[in-house]
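Offset between the sequence shown (1-based) and my numbering: plus 4.
Think of the CB as a built atom: it goes at the ideal place given N, C-alpha and C, for glycine as much as any other residue.
Keep in mind it's a predicted model, so treat the numbers as computed, not measured.
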Amino acid sequence: MSASRLSCLLLTACVTLLSACGGEAVKPTPPTPAVVTPIKPVRPVVVGIALGGGAAKGFAHIGVIKMLEANGIKPDVVAGTSAGSVVGALYASGMDVFQMQEKAVALDESSIRDVRLFSGGLVQGRALQDYVNAQVDNRPLQKMKKPFIAVATRLEDGERTLFNKGDTGQAVRASSSVPGVFEPVVIGKYHYVDGGVVSPVPVDAARQLGADFVIAVDISTKASGVAPGGLLGTVNQSIAIMGQRAGQQELARADVVIRPKVNDFGAADFSRRSAALLEGEKAALAVMPQIKAKLEQLRHERAAAAAAAAKPKAPPCVEPSRMARLMGRGEPCPPGSAAP
């Protein structure tokens with residue numbers, strides 16, 4: 005037998021023995037299908053609006069909302085303090101901005117002011133409560149068309165209180181009860197006064213309603229070196245000064261702050277309601293590019309995150325068999341690869 009013939013026989017025998025020792029047939033590794041992750045819809049950005057206190061300056065809130073909606077931005081959730089709770093309740097009930105504007109112009113101040121002589125000349129607030137309930141068709145807070153919170157201060161311990169259930173008019177009355185001007189509102193076993201004492205612009209309340217993006221409207225009185233005129237003006241500025249530090253910290257948590265130029269408007273001056281409304285419009289328009297840019301950036305980030313989550317995952321790596329490795333077939337899995 006020739007040497008070449010003998011070599012071929014020995015090689016064949018070795019391969020046969022190796023196959024037997026391996027105990028496995030050499031089979032091609034089947035391709036693993038890609039793992040497809042279902043695409044989830046991008047959750048829309050929840051826009052919240054936080055309407056601050058400021059007595060008669062609150063008409064500016066209507067102008068702000070009017071310009072937001074005119075530019076395609078419709079707040080999904082609403083939080084209000086004091087005057088902001090009055091406008092917020094009407095807006096959350098489903099009233100459109102043009103109806104709100106008409107009611108603002110037609111509002112008779114005496115219809116919401118009920119002075120009670122036996123309480124030392126303080127405003128009782130029942131007239132305001134009845135007015136608000138009439139405007140929202142006696143709809144309770146939990147049945148508003150937009151989620152809504154009215155912020156008040158619990159007099160017994162100074163705790164911030166968020167009203168989101170029950171009598172809408174009563175919650176607004178509590179939120180608007182300026183100490184020294186209005187009687188405290190009794191609800192249950194507690195007394196409540198103006199929410200501006202603890203939360204002048206309720207940014208955090210809007211977040212608690214689920215807002216991803218909060219537009220804050222600040223109409224609070226800023227100390228200008230001149231003593232305000234009248235009792236309401238004095239009390240209003242005193243509340244603003246007391247809540248200034250806490251208010252600034254809360255405002256910093258808003259995405260955008262709108263500040264209508266109403267600082268020189270009297271807290272009890274209902275005669276300038278049209279001018280206040282106009283200042284609200286102007287202030288909103290001034291920051292509209294900023295609002296749109298920030299909203300677009302947030303929506304883009306959400307879409308990018310959703311696309312990354314939906315990207316097909318790499319198929320799991322299957323280690324080649326022992327025989328496949330001996331035969332030089334198949335590559336070992338790289339470190340850190342997913343197991344099947």
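Quick one: grab the DSSP three-state call for residue i.
{"i": "Val197", "result": "strand"}
{"i": "Pro151", "result": "coil"}
{"i": "Leu289", "result": "helix"}
{"i": "Ser325", "result": "coil"}
{"i": "Ala307", "result": "helix"}
{"i": "Thr266", "result": "First, the amino acid is wrong: residue 266 is Val here, not Thr. Here Val266 sits in coil by DSSP."}
{"i": "Arg117", "result": "coil"}
{"i": "Leu126", "result": "strand"}
{"i": "Ala156", "result": "strand"}
{"i": "Gly170", "result": "coil"}
{"i": "Arg276", "result": "helix"}
{"i": "Lys107", "result": "helix"}
{"i": "Lys296", "result": "helix"}
{"i": "Asp134", "result": "helix"}
{"i": "Ala271", "result": "coil"}
Keeping to the same chain, check which residues put their C-beta closer than 7 Å to that of residue i; ignore five residues upstream and five downstream.
{"i": "Gly170", "result": "Pro144 and Leu145"}
{"i": "Leu255", "result": "Val205, Val207, Ala220, Asp222 and Val261"}
{"i": "Leu352", "result": "The structure shown does not extend to residue 352, since the chain is modelled only from 5 to 344, so the question has no answer here."}
{"i": "Arg177", "result": "Gly129, Leu132, Gln133 and Val189"}
{"i": "Val46", "result": "Arg306, Ala307 and Ala310"}
Return the chain-ordered list of same chain residues with a C-beta closer than 6 Å to the C-beta of residue i, the five sequence neighbours on each side being excluded.
{"i": "Val51", "result": "Pro79, Asp80 and Phe217"}
{"i": "Thr2", "result": "The question about residue 2 has no answer, for the chain in this structure spans 5 to 344."}
{"i": "Ala64", "result": "Ile223, Pro264, Val266, Ala280, Glu283 and Gly284"}
{"i": "Gln174", "result": "Gln133"}
{"i": "Pro151", "result": "Val81 and Leu213"}
{"i": "Asn168", "result": "Leu145 and Ile153"}
{"i": "Val68", "result": "Val221, Ile262, Gly284 and Ala288"}
{"i": "Ala138", "result": "none"}
Could you give the residue range of the beta strand (DSSP E) that holds residue i?
{"i": "Val140", "result": "Neither: Val140 is in no beta strand (DSSP E) and is coded neither H nor E."}
{"i": "Ile262", "result": "Val260 to Ile262"}
{"i": "Phe167", "result": "Arg164 to Phe167"}
Quick check: the segment 257-265 against the segment 287-302, are there 3 or more CB pairs under 8 Å? Contact between the segment 257-265 and the segment 287-302 is established, with three or more Cβ pairs separated by less than 8 Å.
Which full runs of the alpha helix (DSSP H) of 4+ residues lie inside the segment 43-105, going along the chain? For the alpha helix (DSSP H) assignment, the uninterrupted runs of no fewer than 4 residues enclosed by the segment 43-105 are, from N- to C-terminal side, 63-74 and 87-96.
How about the segment 86-97 and the segment 299-308: do they share at least three Cβ pairs that are nearer than 8 Å? No, because fewer than three Cβ pairs between the segment 86-97 and the segment 299-308 fall closer than 8 Å, the two stretches do not touch.
Write down every uninterrupted run of the alpha helix (DSSP H) in the segment 173-225 whose length is 4 residues or greater and which is fully enclosed by it, in chain order. 207-212, all fully within the segment 173-225.
Would the segment 152-165 and the segment 186-201 be scored as touching if the rule is three or more Cβ pairs under 8 Å? In short, these stretches touch, since the Cβ pair count reaches three.
Mind the definition here: the segment 52-65 touches the segment 265-278 only if three or more C-beta pairs lie below 8 Å; say whether that holds. Because the criterion of three Cβ pairs below 8 Å is met, the segment 52-65 and the segment 265-278 touch.
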